[in-house]
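To keep things clear, I will list the structure first and then write my remarks on it.
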Amino acid sequence: MAVNYFKKIGARRLLIMIMGNVFLGMGISIFKLSGLGNDPFSGMVMALANILGFSYASFLLVINGGLFIFELAAGRRLIGIGTLVNAFLLGYIVTLFNGLWPLLFPVPDTMLRRVVTVLVGVIVTSFGVSLYQTPNAGVAPYDNISLITAKSRPLIPYFWHRIATDAVCAVICFLAGGIIGLGTLVSAFGLGPIVHFFNVHVAGRLVKDC
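Residues in the sequence shown are numbered from 1 upward in steps of one, following full-length UniProt numbering.
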């Protein structure tokens, strides 16, 4: 069964999905470098990990493990190898880049540099999301929550389901002492059009002939 599954996905789609998670991890770490807030879910995990004494990667494993169980129960059709890569490897990819950036670049010390860093994070994260989602190799546990709730409440547009989950994460992040700032707002509301651009002009073309 596993062999047939991987044959169906194909090596090219698998590679595109993996590279998407690498760029996504890179983008999350760039947002963190800016000091102006991360996407609501990552910000929540970082804040809770900090106050509970866990590393980000370890605590993300715990959170994603719980969400994965929920996903198994309610949204199994959306689970794939991409789900597992995102759930169990993304935290370590982020941690790798968190350690790499200070060796390559100075920490942004002015508001202008921090804003520019956020903008770079937006582009890199959007590119990563596009690459990881377009191959249809599985949905990340957190992303699946809003898809599941949207399916159970179809009269409410998906946008509001996603806003609701992001809002809960943002509130928890704030209460846990995390940073809510420009990066948080842009991540919650501004990635969609850029992800769509990459879907059409890059990721869609890469998987077109797969």
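Note that CB positions come from ideal geometry on N, CA and C, so glycine has one too.
For residue j and residue i, the rounded distance between their alpha carbons
i, j, result
"Ala188", "Leu147", "16 Å"
"Val45", "Phe197", "28 Å"
"Gly53", "Pro141", "23 Å"
"Ser55", "Asn64", "14 Å"
"Ala57", "Leu36", "20 Å"
"Leu185", "Gly178", "14 Å"
"Asn4", "Pro157", "35 Å"
Cut-off 7 Å between Cβ atoms - residues of its own chain near residue i, not counting five sequence neighbours on either side
i, result
"Gly121", "Gly27, Ile30, Phe31, Ser34 and Gly183"
"Ile93", "Asn21, Val22 and Gly25"
"Arg162", "Ser146"
Rounded Cβ spacing between residue i and residue j (contact assumed at less than 8 Å)
i, j, result
"Val200", "Pro135", "Actually they are not in contact, since the Cβ atoms of Val200 and Pro135 sit about 15 Å apart, beyond 8 Å."
"Gly82", "Ala137", "4 Å"
"Val85", "Met17", "7 Å"
Close beta carbons around residue i, own chain, < 6 Å, minus the five adjacent residues each side
i, result
"Ile51", "Ala176"
"Met19", "Leu131"
"Ile145", "Thr165"
"Leu78", "Val139 and Asn144"
Same chain only: Cβ atoms within 8 Å of residue i, ignoring 5 sequence neighbours per side
i, result
"Leu67", "Ala87, Pro141, Tyr142, Asn144 and Ile145"
"Ala49", "Ser55, Tyr56, Ser58, Phe59 and Leu60"
CB of residue i within 7 Å of CB of residue j, strictly
i, j, result
"Thr117", "Pro106", "no"
"Ser126", "Ile194", "yes"
"Ala150", "Pro40", "no"
"Ala47", "Cys173", "yes"
Chain C within 7 Å of residue i, Cβ atoms only
i, result
"Ile123", "In the structure shown, chain C does not exist; there is a single protein chain."
Inset, instruction - Could you name each continuous beta strand (DSSP E) segment of 3 residues or more that falls completely within the segment 34–60, going from the start of the chain to the end? - result: none
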